[in-house]
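Reading the sequence shown from the start, the letters are residues 3 to 103 in my numbering.
Backbone N, C-alpha and C fix where the C-beta goes; we use that ideal spot for every residue, glycine too.
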Amino acid sequence: MAARSQRGQSQATSDPAIVASVKEVLRSTEFSQILSAIVKDAAKQAATGDPAFGIDCMATGNMNMRDQHVIESLRSKRQQLLLATQLVKMILKIDDVRQPN
């Protein structure tokens with residue numbers, strides 16, 4: 003997807019194949035399982051109050067990010083997820099506009 007600015011507004015163009023694949027991923031059960039795991043782990047972090055609690059992406063069995071030498075914070079991850087969600091919404095809106103009904 004390429005973005006270009008025109009009169010202060012950002013306009014995005016996208017490849018229909020990319021839009022279709024993004025929609026398929028969003029519909030898939032794997033995506034909902036991943037999102038569910040992230041929400042569950044965020045709740046665990048809030049319940050324990052441990053700022054080093056994170057998602058064990060390396061499957062080591064250790065949820066302590068300090069021990070795994072991961073410096074990125076939950077706040078940073080939340081921002082990344084928010085931006086990714088906004089991007090997906092933008093792609094879906096573009097696809098809805100481009101498809102005549």
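task = Taking D58 as the reference, give the member of G51, D69, A48, T50 with the closest Cα.
result = The shortest Cα separation from D58 among G51, D69, A48, T50 belongs to D69.
request  = Count the CB pairs spanning the segment 21–40 and the segment 88–96 that are closer than 8 angstroms, and state whether there are at least three.
outcome  = With the cut-off at 8 angstroms, the segment 21–40 and the segment 88–96 touch.
query = In whole angstroms, what is the alpha-carbon distance linking S34 and I40?
reply = Approximately 10 angstroms between the Cα atoms of the pair.
key: Straight-line Cα distance separating I36 from H71   = Those two C-alpha atoms are separated by around 23 angstroms.
key: Spatial neighbours of Q47 in its chain, beta-carbon cut-off 7 angstroms, leaving aside the 5 residues before and after   = Sequence-distant partners of Q47 (beyond 5 residues in either direction) whose C-beta falls short of 7 angstroms from its own C-beta, in its chain, are F55, L76.
ask   = Around the C-beta of M60, are 16 or more other C-beta atoms found within 10 angstroms, so that it is buried, or is it exposed?
value = By the Cβ-count criterion, M60 is exposed, with fewer than 16 other Cβ atoms from all chains shown falling within 10 Å of its own Cβ.
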